[in-house]
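Student: Pasting a structure here, questions to come.
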Amino acid sequence: MTSNDYDPANEGAETDFAKKMSYGDYLQLDALLGAQHPISDAHDEMLFIIQHQTSELWMRLAIHEISAARRAIARDEVSPAMKMLARVSRIFEQLNSAWDVLRTMTPSEYTHFRARLGQSSGFQSFQYRLIEYLLGNRNHAMLKPHAHDAEVMALLEAELATPSLYDEVLRLADRKGLKMPATVLARDVRETHHFDEGVLQAWRSVYEAPESNWTLYELAEKLVDFEDYFRRWRFNHVTTVERVIGFKRGTGGTGGVSYLKRMLEIELFPELWRVRTIL
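See below:
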């Protein structure tokens with residue numbers, strides 16, 4: 008029998024889905040694959056749309072995993088949280104790879120439809136904003152692009168009122184006997200955590216004797232691993248934008264490359280990076 012003659016039904020494979028849930032039904036592929044609506048006749052606009060839609064799907068999963076990891080850490084369930092954080096790192100590896108596909112679009116190809124985008128921009132992604140808030144970069148000015156959407160604003164405001172992932176890690180460390188500054192533990196969680204010398208010295212004791220603080224040491228390295236991927240994602244964003252539009256302003260009105268380069272300076276877990284200098 009050749010491959011052309013093979014019938015999987017002969018081995019018991021289900022092929023009649025008139026009254027059963029199919030693969031397409033489960034994944035709602037009609038809705039998913041029907042969500043690409045180019046507004047120009049430019050060939051490369053489909054790439055642009057799918058690149059951003061798939062990125063939003065990966066970000067949705069990242070939010071799911073980071074949120075669950077934070078809840079687990081709050082319950083002292085560190086091992087499951089580390090598994091989730093490892094998955095988030097792999098998610099951002101996927102997001103990083105996506106830039107390689109977008110970079111196949113040349114500047115001249117992008118100009119064929121860029122003007123049709125109006126003021127829409129990735130700068131306005133509420134899921135990206137939620138990820139930043141989850142991780143502790145709580146810039147309230149970034150709420151403004153979402154002010155027109157009450158549901159999104161409620162989601163972001165609720166996140167601002169909740170301790171960030173790093174807040175929960177620091178609280179966990181304190182519960183496990185690694186004394187954290189009271190001012191850090193009691194700070195207003197709506198605001199961004201900034202570098203604290205007391206937190207740095209606490210992490211120093213972990214890194215100087217990892218065998219005595221293995222759980223916290225491993226958790227800290229999971230956070231660093233994730234931020235490493237996150238920084239690469241931001242850097243790849245900068246280089247992709249510069250490669251495609253140079254130093255033009257972004258469609259959403261930002262400075263484009265200059266704005267994105269400023270984002271590279273943000274540290275999510277500052278003490279975990281600076282502790283390496285003092286060991």
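According to my numbering, the sequence shown is numbered sequentially starting from 8.
We treat Cβ as the ideally placed atom computed from N, Cα and C, and that holds for glycine.
Values in this document were obtained by computation on a predicted structure and should not be read as measured data.
I want to know whether the segment 272-279 touches the segment 132-145 - three or more CB-CB distances under 8 Å.
Tutor: Touching, per the Cβ criterion.
Student: Where Arg121 and Tyr173 are concerned, what is the direct C-alpha to C-alpha distance, given to the nearest angstrom?
Tutor: 38 Å
Student: Which whole-angstrom value describes the C-beta separation of Thr222 and Val95, a residue pair presumed to lie in contact below a C-beta threshold of 8 Å?
Tutor: Actually they do not touch by this definition, with Cβ atoms about 19 Å apart.
Student: Apply the 10 Å Cβ neighbour rule to Leu286 and answer buried if 16 or more other Cβ atoms are within range, or exposed otherwise.
Tutor: exposed
Student: Just to confirm my understanding: we take Asp37, look at its own chain, exclude 5 residues before and 5 after, and list those with CB closer than 8 Å. What are they?
Tutor: Gly31
Student: Below 8 Å on the Cβ atoms is my contact criterion, and I expect Ser62 with Leu124 to pass it. Report the Cβ-Cβ distance as a whole number of Å.
Tutor: Not a contact, Cβ separation roughly 16 Å.
Student: Tell me where the alpha helix (DSSP H) around Ala105 begins and ends.
Tutor: Val85 to Leu109
Student: Could you tell me if Ile138 is buried or exposed, where buried requires 16 or more neighbouring beta carbons within 10 angstroms of its beta carbon?
Tutor: buried
Student: State yes or no: is the C-beta of Glu234 within less than 8 Å of the C-beta of Ile80?
Tutor: no
Student: Enumerate in chain order the residues of its own chain whose CB-to-CB distance from Ile46 is below 7 Å, with the five nearest sequence positions on each side excluded.
Tutor: Setting aside the 5 residues that flank it on each side, Ile46 is surrounded in the same chain by Arg123, each with a C-beta closer than 7 Å to its C-beta; the list follows chain order.
Student: Spell out a yes or no on whether the segment 103-122 and the segment 43-58 are touching, meaning 3 or more CB-CB pairs, one atom from each, closer than 8 Å.
Tutor: Yes, the segment 103-122 is in contact with the segment 43-58.
Student: Quick one: using the 10 Å Cβ neighbour count with 16 as the cut-off for buried, is Asn220 buried or exposed?
Tutor: buried
Student: What is the rounded straight-line gap between the Cα of Val282 and the Cα of Lys229?
Tutor: 15 Å
Student: Closest by CA to Ala148, which one among Lys186, Glu158 and Gln131?
Tutor: If we check each option's Cα against that of Ala148, Gln131 comes out closest.
Student: Take the Cβ of His201 as the centre, count every other Cβ of all protein chains shown within 10 Å, and call the residue buried at 16 or more, exposed below.
Tutor: exposed
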